[in-house]
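Here the structure comes first, spelled out in C-alpha cells, and everything after it is commentary.
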Amino acid sequence: GQQVMQIPQYQHVQEGEDFTTYCNSSTTLSNIQWYKQRPGGHPVFLIQLVKSGEVKKQKRLTFQFGEAKKNSSLHITATQTTDVGTYFCAGPPYSGNTGKLIFGQGTTLQVKP
Amino acid sequence: KAGVTQTPRYLIKTRGQQVTLSCSPISGHRSVSWYQQTPGQGLQFLFEYFSETQRNKGNFPGRFSGRQFSNSRSEMNVSTLELGDSALYLCASSPRVGDGASEQYFGPGTRLTVT
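Spelled out as C-alpha cells, the structure:
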C-alpha cells in the first residue's frame, strides 16, 4: 500500500539554527498537508500544498511540494523554542476519492535554548 | 468557533471489555475521521464518516466500528479490547467532503489504556 516516509526521525538543534524535514511518498499525491504536534498535544494543521513545485511561506516556515508530487519539505529558519514538537506530513491516495490521510512517521524537533 | 471535542479524555479498560468514544466536530463540519496514534505505528487512519455514512475505512479489524449521527457527532466503538489497542484515539473534523483536499482539525484525543 501507499507509504509516506519522513526523515530525519529526530533532530536536535541549537536555538537560531535552521531545520529541515523531508517527506517522501511511494505514490503520487493529489496534495500534501503538514501538521505540528506539540508534546502532549494533538496534531494542528499548518498548511496544504496542491500544485506541482508549489512553495508556500509562513513567517519562518517554508513548505515545498516536489515537481513529481511525491515529495515535500518543511524548512524552519532560525528555530525558536516554540518550534519544539513533531512535524507530520500527510497525503491522500492520488485517487482523490477519499478523506483518508496517510501520515508520515513524523520528525521530532528539539531546540536547545 | 469551539474546536473538536472528545470524551472521555482518559480511559482505562480491561482486556476483553468494550469501549465507546465520542467526538463532536466543529460546528458546520460534516466530515469526521478517526485516527489511532501509537509510538510504534504513528498516526493511522481508522475511518471517515460523512452524512451518517462511512466513506472510507482503514486497515483495522472488525472490532473497530463507528457511526455518525444526524448532528454530525460521531462515536467509535472497540469491542473485545486487546492490550495492543492502548493508544491515543484522535477525532478530526473537516469542512468539506472527503476528497482528500481538506484540512483536518483534530480534537485533543482520548487516551485509552488496556490492562
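Respectively, the protein sequence lines represent chains A and B. Residues are numbered in the working numbering as their position in the first sequence, beginning at 1, plus a constant of 415. Residues are numbered in the working numbering as their position in the second sequence, beginning at 1, plus a constant of 1410. We treat Cβ as the ideally placed atom computed from N, Cα and C, and that holds for glycine. Nothing here was measured: the structure is a model prediction, and the numbers come from that model.
If you measure from the beta carbon of residue i to each beta carbon in chain B, is any gap under 8 Å?
i        : result
A/Gly500 : no
A/Gln525 : no
A/Gln426 : no
A/Pro458 : yes
A/Asn466 : What sits at residue 466 of chain A in the sequence shown is Lys, not Asn. Cβ-Cβ to chain B under 8 Å: no for A/Lys466.
A/Arg518 : It should be pointed out that residue 518 of chain A corresponds to Phe in this sequence rather than to Arg. Closer than 8 Å to some Cβ of chain B, the Cβ of A/Phe518 qualifies, so yes.
Compute the Euclidean distance between the alpha carbons of residue i and residue j, then round it to the nearest angstrom.
i         : j         : result
A/Thr436  : B/Gly1519 : 25 Å
A/Lys471  : A/Phe460  : 14 Å
B/Phe1516 : B/Gln1446 : 12 Å
A/Gly501  : A/Gln473  : The displayed chain sequence assigns Thr, not Gly, to residue 501 of chain A. Going from the Cα of A/Thr501 to the Cα of A/Gln473 covers about 17 Å.
A/Gln495  : A/Thr477  : 15 Å
Closer than 8 Å, CB to CB, is residue i near chain A or not?
i         : result
B/Phe1479 : no
Can you name the start and end residues of the beta strand (DSSP E) that residue i belongs to?
i         : result
A/Asn486  : 486-491
A/Asn439  : 434-440
B/Asn1386 : This structure does not reach residue 1386 of chain B, given that chain B is present from 1411 up to 1525, and the question cannot be answered.
B/Asn1466 : 1463-1467
A/Lys367  : With chain A running from 416 to 528 in the structure shown, residue 367 of chain A is simply not present.
B/Gln1478 : 1474-1478
B/Thr1417 : 1415-1417
A/His427  : 425-429
A/Val499  : First-last for A/Val499: undefined, no H or E at that position.
Item to check | Cβ-based contacts, 7 Å cut-off: residues of the region 1451-1467 of chain B near chain A | outcome: Gly1452, Leu1453, Phe1455, Glu1458, Arg1465, Asn1466
Checklist entry - Quick one, which residues of the region 1487-1507 of chain B are near chain A if we go by CB-CB under 9 Å, in chain order? => result Leu1498, Leu1500, Ala1502, Ser1504, Arg1506, Val1507
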